[in-house]
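Below is one structure, written out as structure tokens; the observations come after it.
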Amino acid sequence: MSAVPTPSPPRLLYDAVSELRRAALAYEQAHQDRIDALPPQRRASARNLLHYIAVRQADLRPLQTQLAQIGLSSLGMLETHVLAALDAVLDRLEDLLGHARSQRPAPPCTFAEGLQLLQHNTTALLNPPRPQREVRIMVTLATEAAQDAAGLRALVEAGMDIARINCAHDDAAVWQRMAELVHGTDTSPQRRPLVQIDLAGPKSRTGELLPQGRILHLRPRHDVRGQIIAPALLALWCGEGPPPQAPEGQTLLHAGALHPPLPAQLPPSARLQVTDLRSRARQGRLISREGALLVFAFERSAYLAEGMPFKLTNDSAEMAAGTLQGIAEVPGELRLFVGDPLVLLREERPGHAGQRGDNGAFTTPPQVHCTLDAAFTSAQVGQSVWLDDGRIGAVIETRTDDTLQLRITHAEPSGSRLKAEKGINFPDTRFDLPALTEKDRDDLAAMARHLDLVALSFLRSPQDVRQLRAELSARQRDDAGVVLKIENRQAFDHLPAILLEALAHPRLGVMVARGDLAVELGFERLSEAQEEILWMCEAAHLPVIWATQILDTMARSGLPSRPEVSDAALSIRAECAMLNKGPHIVEAVRFLSGVLERMEGHYAKRMTLRRPLSIAELPS
Numbered sequence: 001m002s003a004v005p006t007p008s009p010p011r012l013l014y015d016a017v018s019e020l021r022r023a024a025l026a027y028e029q030a031h032q033d034r035i036d037a038l039p040p041q042r043r044a045s046a047r048n049l050l051h052y053i054a055v056r057q058a059d060l061r062p063l064q065t066q067l068a069q070i071g072l073s074s075l076g077m078l079e080t081h082v083l084a085a086l087d088a089v090l091d092r093l094e095d096l097l098g099h100a101r102s103q104r105p106a107p108p109c110t111f112a113e114g115l116q117l118l119q120h121n122t123t124a125l126l127n128p129p130r131p132q133r134e135v136r137i138m139v140t141l142a143t144e145a146a147q148d149a150a151g152l153r154a155l156v157e158a159g160m161d162i163a164r165i166n167c168a169h170d171d172a173a174v175w176q177r178m179a180e181l182v183h184g185t186d187t188s189p190q191r192r193p194l195v196q197i198d199l200a201g202p203k204s205r206t207g208e209l210l211p212q213g214r215i216l217h218l219r220p221r222h223d224v225r226g227q228i229i230a231p232a233l234l235a236l237w238c239g240e241g242p243p244p245q246a247p248e249g250q251t252l253l254h255a256g257a258l259h260p261p262l263p264a265q266l267p268p269s270a271r272l273q274v275t276d277l278r279s280r281a282r283q284g285r286l287i288s289r290e291g292a293l294l295v296f297a298f299e300r301s302a303y304l305a306e307g308m309p310f311k312l313t314n315d316s317a318e319m320a321a322g323t324l325q326g327i328a329e330v331p332g333e334l335r336l337f338v339g340d341p342l343v344l345l346r347e348e349r350p351g352h353a354g355q356r357g358d359n360g361a362f363t364t365p366p367q368v369h370c371t372l373d374a375a376f377t378s379a380q381v382g383q384s385v386w387l388d389d390g391r392i393g394a395v396i397e398t399r400t401d402d403t404l405q406l407r408i409t410h411a412e413p414s415g416s417r418l419k420a421e422k423g424i425n426f427p428d429t430r431f432d433l434p435a436l437t438e439k440d441r442d443d444l445a446a447m448a449r450h451l452d453l454v455a456l457s458f459l460r461s462p463q464d465v466r467q468l469r470a471e472l473s474a475r476q477r478d479d480a481g482v483v484l485k486i487e488n489r490q491a492f493d494h495l496p497a498i499l500l501e502a503l504a505h506p507r508l509g510v511m512v513a514r515g516d517l518a519v520e521l522g523f524e525r526l527s528e529a530q531e532e533i534l535w536m537c538e539a540a541h542l543p544v545i546w547a548t549q550i551l552d553t554m555a556r557s558g559l560p561s562r563p564e565v566s567d568a569a570l571s572i573r574a575e576c577a578m579l580n581k582g583p584h585i586v587e588a589v590r591f592l593s594g595v596l597e598r599m600e601g602h603y604a605k606r607m608t609l610r611r612p613l614s615i616a617e618l619p620s
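Once you know that position 150 of the sequence shown is 150 in the UniProt record's numbering, the rest is easy, because the numbers rise by one and skip nothing.
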């Protein structure tokens with residue numbers, strides 16, 4: 001632990017704070033053209049943001065400690081009112097020095113005015129808060145929501161304020177139906193639930209993989225001693241025409257070409273016998289029959305394949321024979337280990353798991369299509385690549401115009417599985433491509449009448465913001481709220497310039513997409529980065545949406561993990577918290593709403609130490 005510095009004389013502290021104030025005003029003056037380009041009602045926020053950027057280019061920690069030691073403000077809460085905070089400290093220091101108060105021009109906003117601007121902008125974007133809590137709750141809708149008006153009403157009643165529609169999935173007809181149902185759940189004109197569409201953007205994902213075949217693994221349940229708790233159940237339809245619905249927990253297959261036809265009566269000792277893919281004899285005992293639907297119980301594991309022959313027997317005597325039909329296709333996947341090769345393909349064709357020789361080495365490496373065409377022109381040898389939300393790491397060893405040859409550097413000891421439609425991140429690569437794709441423009445046109453907010457995905461520069469605003473204007477939707485998703489390194493690095501450009505829009509907010517951002521910046525930097533984004537947005541008086549994996553386990557399983565509860569409580573720092581879809585999402589919304597209500601009753605920001613910000617810089 002470093003030693004506590006001896007307090008400096010008030011005169012030196014006065015000079016240090018005065019220098020910060022001078023730097024803040026000089027920085028404002030250097031970027032006056034950016035301020036003048038904004039609507040008048042946004043200029044106070046732009047000035048305050050510029051002051052904040054200038055002040056955060058210095059290491060304030062020694063000064064903070066010394067100010068606190070003599071009972072003055074430590075500048076630990078200056079985001080919303082930078083110049084007013086500095087002026088207040090200077091006034092107190094002049095009192096200590098016995099000097100007359102200096103006459104300084106009024107700051108762009110006082111402490112109260114800064115908070116009021118933030119609250120005003122939050123309400124403009126996200127509607128007024130609920131009486132019991134300030135933080136809004138956003139929920140990503142599942143496809144089924146398009147047919148579930150009661151489920152959407154339950155979400156609103158549980159606490160959902162904004163419904164998020166991800167345009168990377170489903171289609172316009174589904175999205176429009178979702179939006180209509182959400183808007184139809186009005187519970188109060190002041191708190192009408194909002195609809196946000198997330199444009200897909202130039203997302204980089206893995207392409208299609210060759211399927212592994214039509215294979216079914218029947219698995220009985222065992223206790224810790226290996227004793228059968230419940231057999232695996234297989235329903236077999238032996239009739240003509242469409243089969244009935246299989247009961248829950250049962251797999252339904254068809255008996256293809258059953259010969260002779262199913263007997264009118266089957267003895268209780270009837271069995272279904274099969275030799276599985278491992279050449280192991282397996283049998284299931286008949287436990288029920290409803291007409292042509294037979295249900296068998298297997299007490300040993302069996303691997304079944306499409307077209308596999310089977311027999312119906314009674315005391316080993318064959319009664320009928322057929323083939324198993326209707327086994328679902330197993331999606332393709334790659335299993336990758338540290339040291340394995342992996343080829344990313346520019347051509348859109350199904351990937352495969354590769355082939356190994358007798359010595360275990362790959363004779364044909366695993367391959368998968370990468371949907372981001374720009375990766376093959378921008379990525380360079382030696383740069384890192386992360387797949388599936390950072391679960392698999394790799395480095396580019398060689399490249400051609402159509403391939404990137406990777407070497408796996410991070411994977412689970414037992415191998416990491418990679419499937420289709422998983423994200424690919426290139427954190428070291430600088431891309432020069434627009435955030436808006438042709439698909440995004442089409443989606444925006446389809447949803448223009450149904451949306452309240454538009455989230456811009458994978459933006460990298462102020463130009464991306466200008467393009468989105470132009471698209472909205474062309475569709476007479478200048479009134480729509482805009483949410484900037486900060487999810488890659490370039491957007492994080494350019495955040496000050498992006499915010500100054502975006503302040504021209506009347507309804508604006510920022511989403512911290514913590515999942516992709518963690519992969520892009522490194523998991524060890526995520527906490528620091530999200531704090532910097534929160535501070536920067538607070539200085540611009542803009543609301544923040546805290547996103548990705550809040551109560552994710554609870555939404556999927558019904559019970560939260562302990563770290564998730566702490567993470568949910570920290571979302572009080574933002575103006576909105578986003579939950580993803582899951583079978584228990586209503587319970588998760590209700591739980592989060594309760595956590596936020598309790599936290600707001602006694603939450604106060606603590607002083608933070610101000611070392612230089614990594615993003616406190618604007619291009620000249």
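Note that beta-carbon positions come from the ideal geometry of N, C-alpha and C, so glycine has one too.
Rounded straight-line distance, which links the Cα of residue j to that of residue i
| i | j | result |
| --- | --- | --- |
| residue 34 | residue 516 | 30 Å |
| residue 171 | residue 324 | 35 Å |
| residue 621 | residue 448 | What the structure shows of the chain is the stretch from 1 to 620, and residue 621 is not part of that stretch, so it cannot be assessed. |
| residue 598 | residue 461 | 38 Å |
| residue 332 | residue 367 | 12 Å |
| residue 145 | residue 181 | 8 Å |
| residue 347 | residue 335 | 21 Å |
| residue 612 | residue 108 | 23 Å |
| residue 48 | residue 539 | 6 Å |
| residue 587 | residue 40 | 44 Å |
Residue i: first and last residue of the uninterrupted alpha helix (DSSP H) it sits in
| i | result |
| --- | --- |
| residue 598 | 585-600 |
| residue 121 | 111-126 |
| residue 493 | 489-493 |
| residue 438 | 438-447 |
| residue 165 | From DSSP, residue 165 is part of no alpha helix (DSSP H) but of the beta strand (DSSP E) over 162-166. |
| residue 90 | 82-97 |
Paired residues, beta bridge with residue i - DSSP
| i | result |
| --- | --- |
| residue 386 | 393 and 425 |
| residue 634 | This structure does not reach residue 634, given that the chain is present from 1 up to 620, and the question cannot be answered. |
| residue 297 | 233 and 285 |
| residue 576 | 136 and 545 |
| residue 355 | 364 |
| residue 10 | Paired residues: none, contrary to the question. |
Assigned exposure category for residue i - 16 Cβ within 10 Å defines buried
| i | result |
| --- | --- |
| residue 66 | buried |
| residue 606 | Note that residue 606 has pLDDT 43, beneath the 50 cutoff, so the model's placement of it is unreliable and no number is given. |
| residue 485 | buried |
| residue 408 | buried |
| residue 15 | exposed |
| residue 384 | buried |
| residue 604 | Its pLDDT being 46, under 50, residue 604 is placed unreliably by the model, and the measurement read from it follows with that caveat. Counting Cβ neighbours within 10 Å, residue 604 comes out exposed, since fewer than 16 surround it. |
| residue 281 | exposed |
| residue 397 | exposed |
| residue 80 | buried |
| residue 337 | exposed |
| residue 259 | exposed |
| residue 140 | buried |
Residue i versus the options, residue with shortest Cα-Cα distance
| i | options | result |
| --- | --- | --- |
| residue 262 | 305, 109, 302 and 320 | 320 |
| residue 582 | 70, 227 and 143 | 143 |
| residue 298 | 218, 105, 209 and 57 | 218 |
| residue 570 | 527, 584 and 96 | 527 |
| residue 546 | 594, 474 and 574 | 574 |
| residue 350 | 209, 417, 377 and 376 | 209 |
| residue 690 | 227, 211, 231 and 556 | The structure shown does not extend to residue 690, since the chain spans only 1 to 620, so no value can be given for it. |
| residue 274 | 248, 216 and 330 | 216 |
| residue 91 | 72, 244, 466 and 76 | 72 |
Residue i: first and last residue of the uninterrupted beta strand (DSSP E) it sits in
| i | result |
| --- | --- |
| residue 545 | 544-547 |
| residue 327 | Note, residue 327: premise wrong, no beta strand (DSSP E); not H, not E. |
| residue 376 | Here residue 376 belongs to no beta strand (DSSP E); instead the alpha helix (DSSP H) covers 375-378. |
| residue 553 | Here residue 553 belongs to no beta strand (DSSP E); instead the alpha helix (DSSP H) covers 552-557. |
| residue 271 | 270-275 |
| residue 57 | Counting along the chain, residue 57 falls outside any beta strand (DSSP E), and DSSP gives it neither H nor E. |
| residue 35 | Looking at the DSSP string, residue 35 is not in any beta strand (DSSP E); the run it does join, the alpha helix (DSSP H), is 32-36. |
| residue 183 | Segment 172-183 is the alpha helix (DSSP H) holding residue 183; no beta strand (DSSP E) there. |
| residue 416 | 416-419 |
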